[in-house]
Amino acid sequence: MASEAFRGEFYQRVDGKARVSIPAAFRRILESEDPSSPEFPRPRIYMVYGGKKRSFVECYSKAGADRLAEQIEAMELGSPARDRAERDLISRSVMVEIDPEGRIVLPPKVREKMGFLGDDLSTGAEAAFAGFTNRFKLYRREVYDAEMAEEDDDEDVDPLALVGRAHRGG
0 MASEAFRGEF
10 YQRVDGKARV
20 SIPAAFRRIL
30 ESEDPSSPEF
40 PRPRIYMVYG
50 GKKRSFVECY
60 SKAGADRLAE
70 QIEAMELGSP
80 ARDRAERDLI
90 SRSVMVEIDP
100 EGRIVLPPKV
110 REKMGFLGDD
120 LSTGAEAAFA
130 GFTNRFKLYR
140 REVYDAEMAE
150 EDDDEDVDPL
160 ALVGRAHRGG
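Just so you know, numbering that gives the first Met the number 0 puts 82 at position 83 of the sequence shown, and the rest follows in order with no gaps.
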């Protein structure tokens, strides 16, 4: 597990050039899990845009992306599950460096996955950053808000009970 978890929800404006600021709390984790080198002096984000049913882009630190790749490499070579994981999580991903101001430019495939099409960015679009312990998810704000509203319908389930159940093995 990461030394620090990606936690919280943040809304950030995406400008007309597809630039968005990475929340400071997330930036600190990305920096700590990607020490600078002569080849890569700035921290990187690995953005996974694969998976047809996903409405988000899953983002990993360098260390997190390496752990994910190790898990995939441990799968049976040539198996349908590994082929799918490699296609959707490795091939359909992109590495982006964070600029000195703490921003990234969303690549075209990432913008497409998030639903930013045509002139969407010229009208004041927003992205939602949602922490998920060892990674974070990046959504178009409207999509994130709609998904969270749907999930809130399950009020009869206590999330702590789910965590306890997982630790008991069932």
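Yeah, the Cβ is synthetic: ideal placement off N, Cα and C, and Gly gets one too. Since the model is a prediction, treat every value here as computed from it, not as a measurement.
Would you call the CB atoms of residue i and residue j closer than 9 Å?
i, j, result
"residue 126", "residue 137", "yes"
"residue 54", "residue 156", "no"
"residue 92", "residue 64", "yes"
"residue 35", "residue 41", "yes"
"residue 71", "residue 85", "yes"
"residue 69", "residue 134", "no"
"residue 8", "residue 123", "no"
"residue 14", "residue 120", "yes"
"residue 114", "residue 87", "no"
"residue 38", "residue 60", "no"
"residue 10", "residue 110", "no"
Can you name the residues that DSSP bridges to residue i?
i, result
"residue 12", "125"
"residue 19", "13, 103"
"residue 137", "56, 128"
"residue 5", "132"
Completely contained beta strand (DSSP E) runs for the segment 44 to 110, where each covers 3 or more residues: 56 to 59, 92 to 96, 102 to 104
Stretch pair the segment 39 to 55 + the segment 102 to 116: three plus CB contacts closer than 8 Å: Verdict: yes, contact present.
Sufficient close CB pairs (3 or more, under 8 Å) joining the segment 74 to 92 to the segment 13 to 30: no
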